Structure formats: structure tokens, C-alpha cells
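Inspection log for the structure reproduced underneath, given as C-alpha cells.
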Amino acid sequence: MSESERNILIDGRGVTKVFKDFWGRPRVTAVRGVDIRVTEGSIFGLLGPNGAGKSTLIKMVLGHLYPTSGALRVLGRPPVDVEAKSRLGYLPERPVFYKTLTAEEILSLFGQILGLPKQEIARRTDQLIEMVGLQGARRRPVGGFSHGMSRRLGLAQALLNDPDLLLLDEPTAGLDPIGCHEVKNLILTLAARGKTVVMSSHLLADVQNVCDEIMIMYGGRVQQTGSVADLLAQADEVQIRAPRVSDDVISSVRSQLATEADASAIHVSVPTRSLEDYFLDVVRRANEDRQETAGAQMGAGVAAYLQSDAADQALLSELSQSPSPAPEKLSEPEAGPPVDRAVLDGLTDDESPGDEQTPEGDDGESDVDQGVLDSLTRS
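Using the working numbering, read the sequence shown as starting at 1 and increasing by one per residue.
The following block contains the structure:
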């Protein structure tokens with residue numbers, strides 16, 4: 001396998017998914033002949049309106065659904081391969097948790113399922129809860145969580161195994177602007193560390209801000225694919241950004257540009273900040289003033305174990321060096337009081353009712369009065 005092939009984490013060719021009814025008749029073709037290639041360390045965005053086939057494609061990558069036709073490999077293996085699955089992290093569109101468990105109990109449960117040591121589960125749980133801003137709600141039953149708080153917990157769950165490939169289905173849906181901003185920063189941090197992220201969304205601004213490459217789907221088909229910069233570039237226009245200058249200088253520049261282009265096509269305006277940036281600044285100042293809130297808080301940055309490979313090496317070393325627990329030695333039963341042999345012999349000499357033998361030749365039935373029988377037969 002060449003180096004370029006090893007760097008392709010998702011490789012799909014002509015992937016099609018047809019949902020059938022009870023009698024096997026095709027009803028809905030959700031994905032139609034999709035070709036997809038996702039390279040290592042990239043942030044790949046799946047765009048499209050509701051029902052475009054984004055979630056179905058992700059579920060086939062996860063091995064939850066089988067393609068009706070076409071070829072699909074994940075991390076160089078079939079999607080159903082256990083080794084490939086162990087290196088995936090997944091945030092579903094609607095995460096569901098046991099309502100009576102708390103946030104930290106949920107993460108502890110998933111950590112045990114993953115086979116992590118108890119100390120590592122506790123360490124990662126603390127870091128993830130702080131990262132997603134659920135410090136004040138870590139011991140509350142998740143049944144009382146808002147939709148946005150549940151998604152924050154779902155993101156923490158998806159990162160618990162420090163995956164190589166992270167699949168996020170509508171990761172910012174239901175999140176407030178703070179949560180959206182933190183999720184986007186997290187995605188960028190993971191990609192910088194060499195992780196690969198695939199995210200589906202219909203929120204174009206989120207995808208534009210973080211993705212290297214996008215694929216636009218409609219009706220189950222790929223309509224367009226390529227890098228964000230190439231797809232959005234407007235080669236027939238140019239943009240100039242400069243510090244504030246006098247009106248005379250602006251007029252002079254406009255006059256000079258008018259000799260090369262249509263004057264009506266030249267626009268001069270004052271740059272504006274995005275509403276997201278402005279909102280985050282306001283909330284950040286309130287957070288720095290330590291104003292109390294009962295809801296989700298600003299996260300404390302990316303969890304430490306997600307930023308360094310040293311933690312992974314330490315964990316692997318711990319798992320490989322931990323001695324197997326020695327089998328417990330069974331204790332000898334304590335000696336009881338001495339047995340009185342005379343009493344024991346007396347008990348064994350007596351026949352119990354269950355040991356009585358039926359006399360030889362006796363079939364166990366009572367004798368019949370022959371006279372009574374004769375009188376009955378003569379009647």
C-alpha cells in the first residue's frame with residue numbers, strides 16, 4: 001500500500017443506499033453513486049439540505065448501515081471491522097443517554113465499555129466535562145439537560161477514546177453561540193494534532209469557518225466537491241483592505257480604479273465584525289467578571305489528553321505493564337465439632353420410609369374382593 005493510500009481514511013466509490021420495504025421492494029434511494037475521499041488530518045464538510053443523504057452516508061461509514069452497492073473502506077478496512085470502529089468517535093444528530101444517570105456517570109459508563117482503566121476514566125471525565133462547559137451540571141441527571149447541554153455531553157462522549165477519525169452529525173445544532181465557537185475551535189485543534197474530522201451540517205457559516213474541503217449533496221447525489229477556498233473564490237474581483245484613511249485618499253483611489261474598471265462596480269465601505277465575534281466578546285467579559293449562571297459555561301479549552309501524544313503513550317505503557325491479578329487462594333474450611341460415632345451408626349441402621357422395598361411379587365396394588373367383583377359382572 002502506497003503512502004498516499006495509507007493517508008486516505010475514507011475511500012468510497014459509487015456508494016449507493018436503497019431502503020426497501022418488508023417485501024424487498026425499493027422505496028427510497030437515500031445515497032446515489034457517491035464517490036468520497038477523506039485524507040488524514042483534514043476537516044471534511046458534508047453540506048446539503050435535510051434529506052440530502054448526509055446522515056445515511058455517515059452511518060455507512062460507521063458500519064451501522066450496509067451499502068446496497070459500491071465500495072467503501074474506512075481506515076483501510078471494511079466499515080464493520082472492529083479495529084476500524086475502535087478508532088472512531090461519533091456524535092449523532094440526536095444523542096440519547098440514560099436519563100437517570102449524571103453527566104460524569106455517563107462518561108464513566110462509556111469509559112468502562114471502551115476498556116479504559118479507572119484512573120484514566122476519571123482523568124478524562126474531569127477534563128472533558130470542563131472542556132464542554134458542564135462543570136456546574138456534572139452531577140445532575142441528564143434527563144433534565146437542555147438540548148444544547150445534551151449535545152455538549154455527546155461531544156465529550158465522542159472524544160472519550162481519543163479517536164483518529166471523528167464523525168460529527170450536525171455538531172453545532174442546538175448550541176448557543178458560545179458552544180458553536182468552542183466546537184469550531186476544538187475541531188481546528190484536533191486537525192492541527194493530525195486528527196481527521198468529518199462533519200455534516202446545513203449551517204454554511206460553520207462549515208466555511210473550519211473545513212478544508214466540502215462536498216455538497218442534494219437528492220442523495222454529489223453536486224459539487226472541492227476545497228473551500230477554490231469553490232468560493234471570485235477570480236473576477238479583487239478585495240483591498242487597509243487602515244482608515246482620509247476621504248480625499250479614498251476618492252483618489254476610486255478615481256484611479258475607475259480607469260481600469262466600471263466605476264459603478266467599485267464599492268467602498270467600513271469593515272464590520274461578525275455578530276458571532278461581538279457576542280462572544282460580550283459573554284467573555286461577563287465570564288471574566290465571574291457573573292453567575294445556571295446554564296452551560298464557557299469551556300476551559302481543549303482537554304489535555306487530546307492535545308498531546310504523551311498521554312497516549314503513558315496509557316499504553318500502563319496497560320502493557322500492569323500485572324495480571326494473582327488468583328485468590330481459597331481458604332481451607334474450618335473443622336467442625338467432633339462427630340459422635342454411636343449416634344451416627346444409630347441413624348444409619350434405621351430404615352427411612354423412602355428406602356422401603358416393595359415385597360417381591362407384589363405389584364403394589366390392594367387385593368380385590370372376588371365376591372364383589374362377581375356380583376358386579378352378573379348385574
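Note that the Cβ used here is the ideal one computed from N, Cα and C, for glycine as well.
As the structure is a prediction and not an experimental result, all values here were calculated from the model.
query                                                                                                   : result
Any beta strand (DSSP E) of 3 or more consecutive residues that is wholly inside the segment 54-131     : 69-74 and 88-91
Per DSSP, the bridge partner or partners of L257                                                        : DSSP lists no partner for L257.
Contact check, L57 vs V38, beta carbons under 8 Å                                                       : no
Buried versus exposed call for A258 [16 or more other C-beta atoms within 10 Å across all chains shown] : exposed
Environment of L9 [buried if 16+ CB atoms lie within 10 Å]                                              : buried
L159 versus L232: straight-line alpha-carbon distance, rounded                                          : 31 Å
Beta bridge counterpart(s) of D11 as assigned by DSSP                                                   : R37 and R73
Continuous alpha helix (DSSP H) stretch holding Q223: start and end                                     : Run containing Q223: none in the alpha helix (DSSP H); it sits in the beta strand (DSSP E), R221 to S227.
Nearest-angstrom Cβ-Cβ length linking L166 and G89, presumed shorter than 8 Å                           : 4 Å
Extent of the continuous beta strand (DSSP E) to which D169 belongs                                     : L165 to D169
Range of the contiguous beta strand (DSSP E) that encloses S200                                         : T196 to S201
Bounding residues of the beta strand (DSSP E) (the contiguous stretch that carries L46)                 : I43 to L47
Status (buried if at least 16 other CB within 10 Å, exposed otherwise) for L319                         : In this prediction, L319 scores a pLDDT of 46, lower than 50, which makes its location untrustworthy; the coordinate-derived value is nonetheless stated afterwards. So L319 ends up on the exposed side.
Minimum C-alpha distance to N7 - residue among G219, L188, H267 and S42                                 : S42
Candidates S200, L128 and G115: closest to A173 by CA position                                          : S200
Contacting residues, own chain, Cβ-Cβ under 8 Å from R140 (five flanking each side not counted)         : T102 and A103
7 Å Cβ shell around T68 - same chain, five flanking residues per side excluded                          : T16, K17 and V18
Cβ contact check for the segment 71-78 and the segment 143-156: 3 or more pairs under 8 Å               : no
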